[in-house]
Every structure is written in structure tokens, then in C-alpha cells.
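Each remark here refers to the structure printed beneath this line.
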Amino acid sequence: MLLLGILVALAALAPSGRAQEAIDPTVLPQILDARLTSTPDRARLILDLSAPSEFAVASLSGPDRIAVDVRVAGLRFAAPPDVAGGGIVSSYTIEMAETGRARTLVRLSTPAKVQQAYVLDAVADQPARLVVDFIIDTPEEFAARVAADLAASIANQGNVPKTASTEPGTHAPIPDTRPLVVIDPGHGGIDNGASAGNGVHEKDIVLGFALALQDVLVDSGRFDVALTREDDTFLRLEERVALARANKADIFISLHADSFQQPEISGASVYTRDERATDVLDKVLADGENRRDIVAGFVLPSEQPVVVDILVDLMRRQMRRQSFVAAQAIVHQLEPSVSLRRFPVRQADFFVLQSPDVPSILVELGFLSNASDIANLQQSDWRDRVVAALARGIADYFDGMQDPAVAQRP
Numbered sequence: 006m007l008l009l010g011i012l013v014a015l016a017a018l019a020p021s022g023r024a025q026e027a028i029d030p031t032v033l034p035q036i037l038d039a040r041l042t043s044t045p046d047r048a049r050l051i052l053d054l055s056a057p058s059e060f061a062v063a064s065l066s067g068p069d070r071i072a073v074d075v076r077v078a079g080l081r082f083a084a085p086p087d088v089a090g091g092g093i094v095s096s097y098t099i100e101m102a103e104t105g106r107a108r109t110l111v112r113l114s115t116p117a118k119v120q121q122a123y124v125l126d127a128v129a130d131q132p133a134r135l136v137v138d139f140i141i142d143t144p145e146e147f148a149a150r151v152a153a154d155l156a157a158s159i160a161n162q163g164n165v166p167k168t169a170s171t172e173p174g175t176h177a178p179i180p181d182t183r184p185l186v187v188i189d190p191g192h193g194g195i196d197n198g199a200s201a202g203n204g205v206h207e208k209d210i211v212l213g214f215a216l217a218l219q220d221v222l223v224d225s226g227r228f229d230v231a232l233t234r235e236d237d238t239f240l241r242l243e244e245r246v247a248l249a250r251a252n253k254a255d256i257f258i259s260l261h262a263d264s265f266q267q268p269e270i271s272g273a274s275v276y277t278r279d280e281r282a283t284d285v286l287d288k289v290l291a292d293g294e295n296r297r298d299i300v301a302g303f304v305l306p307s308e309q310p311v312v313v314d315i316l317v318d319l320m321r322r323q324m325r326r327q328s329f330v331a332a333q334a335i336v337h338q339l340e341p342s343v344s345l346r347r348f349p350v351r352q353a354d355f356f357v358l359q360s361p362d363v364p365s366i367l368v369e370l371g372f373l374s375n376a377s378d379i380a381n382l383q384q385s386d387w388r389d390r391v392v393a394a395l396a397r398g399i400a401d402y403f404d405g406m407q408d409p410a411v412a413q414r415p
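Under the working numbering, the first residue of the sequence shown is numbered 6, with each subsequent residue one higher.
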């Protein structure tokens with residue numbers, strides 16, 4: 006069994022591969038906690054850190070494993086908890102490989118690869134984190150990756166092996182035809198949306214998030230992006246939907262930050278459309294959003310009763326399936342980054358999600374009736390974390406849509 010040299014001592018290296026002076030282990034962070042969840046399609050490793058640190062990954066064979074090395078001083082636990090769930094990962098261990106370097110060995114039940122890996126800064130009561138996502142690989146590609154990592158180690162002692170991309174939205178090749186993402190900052194103009202006690206309005210919060218998300222997605226080179234509004238302009242709900250449909254959007258994402266009469270309600274969530282709301286709160290939120298046109302002096306368009314063609318009905322069902330897959334992908338990326346509501350993938354009858362031919366989701370970034378959410382929504386670093394997670398989720402969704410099994414998943 007070959008337990009390498011593929012991952013060289015990180016105590017003398019930077020992630021870019023440039024040599025640095027040796028770092029005193031006493032000033033390095035520690036791994037506070039660890040957890041790994043696995044399904045038949047993917048797995049996620051999260052290491053809680055006392056401070057951000059550097060890492061590298063490599064694939065190993067005999068048995069098939071993926072190693073994750075982190076530059077740390079030590080571990081604050083005797084053994085990590087068991088794998089949650091079952092699937093592509095059967096077990097994992099974490100131990101100090103040498104002074105200043107901890108190694109996590111993830112044992113695979115089927116060939117897999119690192120889809121993406123990234124470090125999150127500490128925020129609020131959440132520590133810094135290293136997040137590593139694994140997805141299924143073919144035996145041939147896994148074997149090639151093992152050989153490449155070994156060859157790189159032998160040829161380039163003193164250089165870090167290539168790590169998974171840490172940039173959101175860049176963990177797949179840039180396609181020849183870029184999907185169009187339409188981002189809808191809710192409200193605008195005469196419609197302030199929800200308002201916080203300090204006078205901050207929802208319309209301004211979500212516009213800032215939308216512009217930042219547009220920049221990240223465009224910079225990735227993978228997407229074309231359009232906004233339903235780029236300034237403080239009012240658009241009717243009907244117009245927002247029409248813009249996405251007229252431009253044949255590949256996904257429509259509406260951003261909101263609502264309020265509720267119970268200030269303890271907090272956290273982000275992602276909605277798809279369903280006439281039956283997940284719970285009473287979801288119905289209240291949807292009803293409130295759907296009345297915005299009336300509040301602004303416009304009559305909400307009524308859906309005319311029609312004989313629905315069977316092909317149109319099938320298309321609508323397919324769009325709802327794809328919307329649910331998109332919501333799951335985005336929540337998967339938000340989980341390690343921000344606080345979420347319980348059961349964060351939710352359903353409600355939002356008018357803005359009614360398009361029968363465009364997958365559509367609504368992201369509630371938080372509640373302007375909750376003090377903690379208000380503080381987060383106004384912090385640029387928190388916004389950047391959320392935007393990066395949204396971008397990764399969008400990339401995950403489109404990556405998955407290339408797999409027919411995922412695209413057809415109910």
C-alpha cells in the first residue's frame with residue numbers, strides 16, 4: 006500500500022506552489038471539528054478550523070481514497086464522527102501526518118473526484134471552514150488522476166499538487182454555448198419591499214446582491230447574465246416573468262429579503278413554485294409578494310382558465326422538476342456558508358415563479374424583521390460569501406443538467 010509523498014509537507018508551501026519560509030506550528034490554526042455526509046451521487050467533507058489555512062488534495066489507490074492535507078497545528082478531537090449517510094464514501098480518518106500537517110483520508114466505495122474545495126472565513130458564530138465536495142468519477146479517469154498525482158509528486162518535490170478550483174462557478178469546462186441566467190432583484194421604485202427598523206429597504210439589499218452575483222457569474226466565463234432591473238426601477242411581477250421567457254432564460258432566480266411578524270424567524274431559504282405552501286409562513290410570504298402589484302397601483306394579472314395542452318403540462322412539470330434540482334444545488338452550497346431555515350428547500354405559490362418554460366426559483370436571503378439577519382444582509386463580506394455560494398450552486402445545477410439521470414430526477 007502506497008501512502009505517498011504525493012502530498013508534500015505543506016508547512017513550507019503556499020497553495021500556489023511557491024515556496025515560503027517554514028511556519029512555526031505553534032501559530033498555525035487547529036481543526037476544531039469534522040463531519041462528512043455521503044449519498045450515492047456526491048459527498049461533502051467539512052473541517053471546522055480555528056482560522057483559515059492552506060490545503061491540498063490528491064487521489065490514491067490500493068484502496069481507492071482521496072487525501073486532503075491541511076496546514077494546522079493539531080486536532081481538538083480524538084476521532085471524527087462516522088460518515089452520515091451512505092454512498093460514494095465508506096469511511097474516513099483524520100490524523101496528524103507530521104508536525105504542522107493534518108491528513109484526512111477519505112475511503113471511497115466507488116471512484117470519485119474532488120469537484121471543488123474552498124476555505125470560508127469565520128462569520129458570526131460559525132468558525133472558518135474547509136469544504137470539499139466529491140462527485141462520482143469513472144474508474145479510468147480516477148486511475149489517470151492517481152498516476153498524474155504520483156508523477157507530479159516525484160517530478161516536483163517541493164510543489165503542491167494541483168488543488169480543486171476554489172473559485173465559484175469554475176469547476177467545469179467553459180461550454181461553447183453559455184446558459185443565460187436571469188437574476189431578478191425583487192421590488193424597486195415605488196415598491197420598497199420589506200423594511201428594517203433602521204430604514205434599510207429590501208429593494209436596495211437585493212439589488213446589491215444581484216449586481217454582485219452578476220459579476221461573479223460573468224467573471225467565471227461560463228454564463229451569460231441578465232438582470233430584470235439594474236437600478237431603482239419598478240417592474241410588475243408579470244413583466245419580470247415575461248423578460249425571462251422572452252429571452253429564453255435557462256434559469257430565473259428571484260432574490261428577496263422579507264419580513265415577518267415573529268422576529269425570531271431567521272435564515273435563508275430557496276423556494277420553488279407549488280400551489281400548496283410548505284407551511285403557513287410560506288403562504289403568508291407568497292401572498293404578500295403576490296400583492297405587491299396591487300400595492301403599487303397595478304392590477305395583478307389573473308391566470309385565465311384554459312384547456313391545457315398535454316405537452317404544455319408535461320413541460321411545466323419538467324420545469325418544476327428542474328427548479329427543485331436547482332434549489333437543492335444552491336442550498337447544498339449555502340449550507341456551510343450561512344444560517345438556513347429548517348427544511349430550506351421550500352414551496353409556495355409565488356406568482357413570479359409561474360413560467361411554464363423556464364426553471365424558476367426564489368431565494369429568500371434572510372429576514373429584515375430579525376436583528377441578526379439585518380446585520381448580515383448589510384455586511385459586504387457576508388454578501389460575498391452568499392454570492393459565492395449561489396454561484397457555486399448555479400454551476401452545480403448546470404453541471405448536473407448534463408447528466409440525464411439528474412435532469413430527469415423527480
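Glycine is no exception: its CB is placed at the ideal position from the N, C-alpha and C atoms.
Here the structure is a predicted model, which is why all the values come from computation and not from measurement.
A buried status is given to Arg245, since no fewer than 16 other beta-carbon atoms sit within 10 Å of its beta-carbon. Asn375 is classed as buried because its beta carbon has at least 16 other beta carbons within 10 Å across all chains shown. The shortest C-alpha to C-alpha distance from Arg241 to any of Ile195, Ser377 and Asp255 is the one to Ile195.
With three or more CB-CB distances shorter than 8 Å, the stretch 33-47 counts as touching the stretch 80-94.
For the alpha helix (DSSP H) assignment, the uninterrupted runs of no fewer than 4 residues enclosed by the stretch 353-401 are, from N- to C-terminal side, 376-382. DSSP, reduced to helix, strand and coil, places Asp209 within a helical segment of the structure shown. Taken through DSSP and simplified to helix, strand or coil, Ile93 comes out as coil. Per DSSP, Val124 is one residue of the beta strand (DSSP E) stretching across Ala117 to Leu125. Taking a 10 Å sphere around the C-beta of Glu207, we find 16 or more other C-beta atoms and assign the residue as buried. By the Cβ rule, the stretch 348-366 does not count as touching the stretch 375-388, because fewer than three pairs are nearer than 8 Å.
A contact between stretches requires three or more CB pairs, one per stretch, nearer than 8 Å, and the stretch 121-137 meets this requirement with the stretch 54-63. For Ala273, the enclosing beta strand (DSSP E) covers residues Ala273 to Arg278. Judged by DSSP in its simplified three-state form, Glu103 adopts strand.
Here the C-alpha atom of Gly67 lies approximately 39 Å from the C-alpha atom of Ser344. Burial check for Arg347: the Cβ neighbour count within 10 Å stays below 16, so the residue is exposed. Ala83 counts as exposed, since fewer than 16 other beta carbons sit within 10 angstroms of its beta carbon. Rounded to whole angstroms, the separation of the alpha carbons of Asp263 and Leu212 is 14 Å. A residue is called buried once 16 or more other Cβ atoms fall within 10 Å of its Cβ, and Gln407, having fewer, is exposed. Partner residues in a beta bridge of Leu218, as assigned by DSSP, do not exist.
Look at Leu339 here: in three-state DSSP terms it is helix.
Beta-carbon to beta-carbon, Leu260 and Val187 are separated by about 11 Å, too far to satisfy the 8 Å threshold. Arg278 sits away from Arg326, with the two beta carbons spaced by 8 Å or more. When the beta-carbon positions are compared, Ala107 and Ile36 come within less than 8 Å of each other. His261 is bridged by DSSP to Glu369. By the 16-neighbour rule on beta-carbons within 10 angstroms, Thr109 is buried. Counting C-beta pairs with one atom in each stretch, the stretch 140-148 and the stretch 96-107 have fewer than three that are closer than 8 Å, which means they do not touch.
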